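**Q** Residue numbers for the sequence shown follow our numbering, beginning at 30 and rising by one. Even for Gly, the Cβ is constructed at its ideal location relative to N, Cα and C. For clarity, every value in this text was computed on a predicted model and none was experimentally measured. Below are the structure tokens for one structure; questions will follow.
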Amino acid sequence: MDFETTGLFDDGHNNPLTNPNRSNETARERAQRLDNLIKSDGNRFPKITEMAYMSVPRVLFLEGTEQMSARHLSSMSQDGEEGIEPVQVVTNVHVRQLNPQLNDKERFKYEELQRKVPSVLLKQSDLTCKCTFAQEWPGVVHLLQTVPKPACLVAHNGLNFDFRILCHELRKSDLFRTHPIPEQVYFLDTLSCFYELEKEYNREIELTMENVDWTLVLSQFQPNSETVVATAEIEETVQQNCTASEGTQNSNGHKSTTVLHRLFDQKCSLTSNANGLPNSHKKINPILRHWSLALPLIMFMRKTHWSPAKRRCIDAKFFESNNRGEWNFNGNHARRLLCGRGNFKLENMFKRFFSIAPQFHRAQSDCEALLQVCLSYGMDFVKFVDRSCSSFPDCFYTSSKKTHNQT
Numbered sequence: 030m031d032f033e034t035t036g037l038f039d040d041g042h043n044n045p046l047t048n049p050n051r052s053n054e055t056a057r058e059r060a061q062r063l064d065n066l067i068k069s070d071g072n073r074f075p076k077i078t079e080m081a082y083m084s085v086p087r088v089l090f091l092e093g094t095e096q097m098s099a100r101h102l103s104s105m106s107q108d109g110e111e112g113i114e115p116v117q118v119v120t121n122v123h124v125r126q127l128n129p130q131l132n133d134k135e136r137f138k139y140e141e142l143q144r145k146v147p148s149v150l151l152k153q154s155d156l157t158c159k160c161t162f163a164q165e166w167p168g169v170v171h172l173l174q175t176v177p178k179p180a181c182l183v184a185h186n187g188l189n190f191d192f193r194i195l196c197h198e199l200r201k202s203d204l205f206r207t208h209p210i211p212e213q214v215y216f217l218d219t220l221s222c223f224y225e226l227e228k229e230y231n232r233e234i235e236l237t238m239e240n241v242d243w244t245l246v247l248s249q250f251q252p253n254s255e256t257v258v259a260t261a262e263i264e265e266t267v268q269q270n271c272t273a274s275e276g277t278q279n280s281n282g283h284k285s286t287t288v289l290h291r292l293f294d295q296k297c298s299l300t301s302n303a304n305g306l307p308n309s310h311k312k313i314n315p316i317l318r319h320w321s322l323a324l325p326l327i328m329f330m331r332k333t334h335w336s337p338a339k340r341r342c343i344d345a346k347f348f349e350s351n352n353r354g355e356w357n358f359n360g361n362h363a364r365r366l367l368c369g370r371g372n373f374k375l376e377n378m379f380k381r382f383f384s385i386a387p388q389f390h391r392a393q394s395d396c397e398a399l400l401q402v403c404l405s406y407g408m409d410f411v412k413f414v415d416r417s418c419s420s421f422p423d424c425f426y427t428s429s430k431k432t433h434n435q436t
């Protein structure tokens with residue numbers, strides 16, 4: 030689901046309730062945080078101008094994940110293209126533009142927002158002839174009643190935004206009593222989900238690399254003629270690329286530090302003496318030369334069972350080698366990128382994973398983009414939903430409604 034609205038919540042940057050990177054937050058804690066956020070809002074909240082819901086049965090979602098993974102593996106093996114290709118999934122779509130019923134002050138602020146933010150596309154004149162949220166909500170309830178149960182409402186940054194606004198709209202029109210959210214409908218914020226999954230990916234690879242006995246690996250490595258030829262080809266490619274990049278500077282004025290450049294520097298350190306002159310008389314251990322010049326070890330990992338998103342998330346630049354031929358995974362570097370500002374914005378994630386640029390800033394197109402990103406995480410996403418979806422907190426229901434047990 031996704032909403033287009035008249036604005037955002039006036040949350041401070043240091044508000045602990047809106048921090049999405051909460052490690053090991055349980056479903057009960059997540060529901061409680063949503064409840065606390067809603068209680069802290071008072072009567073100040075944006076109004077919905079467009080809402081979109083896409084219903085995807087579990088069996089069709091699983092078929093979509095398999096199709097996307099197979100296509101991605103095929104494109105990687107054929108032409109080395111790593112961008113994921115979106116897949117078509119048959120869905121039921123429910124989209125409605127809404128009349129937010131703005132007063133003069135709210136109308137002025139919305140028109141001012143449109144002038145400042147081009148992505149706010151729906152004009153006030155487009156919405157005055159539409160129905161209100163209260164009039165359209167029964168249609169959403171019908172959709173939720175007819176989907177197979179259990180069902181989960183999924184929204185990106187939904188805990189801080191979409192689910193929060195939904196509760197306020199239900200309260201304002203007193204829809205809890207007449208059209209409550211059906212039983213066995215849960216919620217999940219994909220912002221927290223994607224963050225947790227990528228953190229798990231990085232930790233898994235980091236532990237794998239830590240547990241490799243490189244002394245044993247190197248002792249078992251016996252270079253043959255094919256290895257010597259391959260090493261020579263890698264060495265020549267490294268030297269050509271690094272010679273071309275020597276002296277080049279980026280926009281910050283620093284020299285290029287590409288993977289190939291670093292590998293070339295590493296090769297030079299192995300073949301130079303203390304004075305910086307080449308050690309022409311000194312032979313390099315072929316084992317060390319192979320490992321120091323080899324491609325990052327991600328190239329040799331069994332990735333056929335990985336989700337497309339995992340293949341895109343585990344970056345070759347996170348792997349480092351030393352002059353002994355040992356490799357490790359730079360978990361600190363991976364974590365810094367993981368927490369980078371805007372890294373988990375839906376638009377940025379789509380660009381990072383997929384080979385095409387989508388249209389954003391309309392509710393349905395944002396839903397479609399979110400569906401594709403969810404599919405790219407494959408069974409990892411499905412398992413996360415199964416174990417981490419939350420029941421809606423008490424504030425979404427009338428006092429007479431029984432509270433769901435938290436998972």
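What does Y215 pair with, by DSSP beta-bridge criteria?
**A** Counted from its first residue, the sequence shown places residue 215 at position 186. Y215 is bridged to C181 and S420.
**Q** Closest to N121 by CA distance: which of H171, E227, R206 and F223 is it?
**A** As a first step, residue 121 must be located in the sequence shown, where it is residue number 92. Checking every option, the nearest Cα to that of N121 belongs to H171.
**Q** List the whole-angstrom C-beta distance separating F425 from L131, where the pair is believed to meet the contact cut-off of C-beta under 8 Å.
**A** For the purposes of this step, residue 425 is taken as residue 396 along the sequence shown, with counting starting at 1. For the purposes of this step, residue 131 is taken as residue 102 along the sequence shown, with counting starting at 1. The pair is not a contact, with the Cβ atoms about 25 Å apart (cut-off 8 Å).
**Q** Evaluate A180 with the Cβ neighbour count: other Cβ atoms within 10 Å of its Cβ, from every protein chain shown; 16 or more gives buried, anything less gives exposed.
**A** For the purposes of this step, residue 180 is taken as residue 151 along the sequence shown, with counting starting at 1. It is buried - the Cβ of A180 has at least 16 other Cβ atoms within 10 Å.
**Q** Between K228 and R364, what straight-line distance do the alpha-carbon atoms span, to the nearest angstrom?
**A** Translated into the one-based positions of the sequence shown, residue 228 becomes position 199. Translated into the one-based positions of the sequence shown, residue 364 becomes position 335. If I take the Cα positions, the gap works out to 8 Å.
**Q** How about the segment 337-354 and the segment 186-196: do they share at least three Cβ pairs that are nearer than 8 Å?
**A** They do not touch, by the three-pair rule.
**Q** Can you tell me whether A81 is helix, strand or coil according to DSSP?
**A** The residue labelled residue 81 in the question sits at position 52 within the sequence shown. It is a strand residue.
**Q** Classify R193: buried if its beta carbon has 16 or more other beta carbons within 10 angstroms, exposed otherwise.
**A** Reading the sequence shown from its first residue, position 164 is the one you call residue 193. Classification for R193: buried.
**Q** Would you mind sorting T34 into buried or exposed? The rule is 16 or more other CB atoms within 10 Å of its CB.
**A** By one-based count along the sequence shown, residue 34 stands at place 5. Label assigned to T34: buried.
**Q** Secondary structure at W335, three-state DSSP: helix, strand or coil?
**A** Looking up residue 335 in the sequence shown gives position 306. Annotated three-state conformation of W335 is coil, per DSSP.
**Q** Under the three-state reduction of DSSP, which class applies to T34: helix, strand or coil?
**A** Your numbering for residue 34 matches position 5 in the sequence shown. In the structure shown, T34 sits in a strand (DSSP, three-state: E or B).
**Q** Which value, in whole angstroms, describes the spacing of the CA atoms of C418 and S248?
**A** By one-based count along the sequence shown, residue 418 stands at place 389. By one-based count along the sequence shown, residue 248 stands at place 219. One C-alpha to the other measures close to 48 Å.
**Q** If we call anything under 8 Å between Cβ atoms a contact, is Y406 one with S336?
**A** Here residue 406 corresponds to residue number 377 of the sequence shown, with the count starting at 1. Here residue 336 corresponds to residue number 307 of the sequence shown, with the count starting at 1. Yes. Within cutoff.
**Q** In terms of DSSP beta bridges, what is W356 paired with?
**A** Looking up residue 356 in the sequence shown gives position 327. Paired residue(s): S350.
**Q** With a threshold of 16 other CB atoms inside 10 Å of the CB of G369, please say whether the residue is buried or exposed.
**A** Counting from 1 along the sequence shown, the entry for residue 369 is found at position 340. Exposed, since its Cβ has fewer than 16 Cβ neighbours within 10 Å.
**Q** Are the beta-carbon atoms of I210 and F358 separated by less than 8 Å?
**A** Numbered from 1 along the sequence shown, position 181 holds the residue referred to as residue 210. Numbered from 1 along the sequence shown, position 329 holds the residue referred to as residue 358. Cβ atoms of I210 and F358: not closer than 8 Å.
**Q** Does the distance between the C-beta of T94 and the nearest non-hydrogen atom of the ligand MN fall short of 7 Å?
**A** Although the ligand MN was asked about, the structure shown includes no ligands whatsoever.
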